[in-house]
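Those letters in the sequence shown? Residues 1296 to 1471, per the working numbering, in order.
Let me begin by presenting the structure, written as structure tokens, before commenting on it.
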Amino acid sequence: MNIILIGMRGSGKTTIGKMLAEKLNMGFIETDAIIEKKIGESIIDIIEKSGWQKFRKIEHCIIKEVSFLNNCIISTGGGVVLNNKNVKLLKNNGIIIWLDTDVNILINRIGNNYHRPFLTNKKTAKEDITEAYNNRIIFYKNASSVKIVNNDYPIATVNIIINLFLKLDPYVKFKN
1296 MNIILIGMRG
1306 SGKTTIGKML
1316 AEKLNMGFIE
1326 TDAIIEKKIG
1336 ESIIDIIEKS
1346 GWQKFRKIEH
1356 CIIKEVSFLN
1366 NCIISTGGGV
1376 VLNNKNVKLL
1386 KNNGIIIWLD
1396 TDVNILINRI
1406 GNNYHRPFLT
1416 NKKTAKEDIT
1426 EAYNNRIIFY
1436 KNASSVKIVN
1446 NDYPIATVNI
1456 IINLFLKLDP
1466 YVKFKN
């Protein structure tokens, strides 16, 4: 079984995913990193050159590949839930956990380091993140089996997920 992390950019998917993989002795997969490696360009370059639609097609191909893996923590791109086919593929072999993070915390985490393509036609990072969050809430809610609020310390979120996972699969061995 896989643990699939969804949520907005800046919600902690990569940080928490790596910590979970270490603690649970599982593989770690970051779909955006796989896309960049396969295409040989950064996400921002792919989107600037080819647009969001092309990026989403590439993302879907990667989701098809990783959805067949087992015993992995999969950190997805924030918009993976916009394609229902992605959600179905991921649900077939794992539990989808939504790392929900307050918009103001997302803005503080991303802050001036906003070197990613805007998700909306807004002019500022704050407006972009706020609108994208509001547009995606329903997608995250519908896709996830579990919602965990991740506003504080990553280790607290990791421990919540580990406790949940151990209830689902008591035979998991993990590092202390």
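Backbone N, C-alpha and C define an ideal beta-carbon position, used for all residues, glycine too.
Just so we're clear, the structure is a prediction, and the values are computed from it rather than from any experiment.
Item	Value
Between the CA atoms of residue 1326 and residue 1433 - distance to the nearest angstrom	22 Å
Every unbroken alpha helix (DSSP H) inside the stretch 1351-1414 [4 residues or more]	1379-1386 and 1398-1405
Close beta carbons around residue 1469, own chain, < 7 Å, minus the five adjacent residues each side	No answer about residue 1469 holds up, because its pLDDT of 49 lies below 50 and its placement is not dependable.
Beta-carbon spacing of residue 1483, residue 1297 below 7 Å	The shown model of the chain, from 1296 to 1471, leaves out residue 1483, and the question about it has no answer.
Straight-line Cα distance separating residue 1363 from residue 1352	18 Å
Under the three-state DSSP convention, the category residue 1305 falls into	coil
Contact the stretch 1353-1360 vs the stretch 1376-1395: 3+ CB pairs below 8 Å	yes
Minimum C-alpha distance to residue 1425 - residue among 1436, 1440 and 1400	1400
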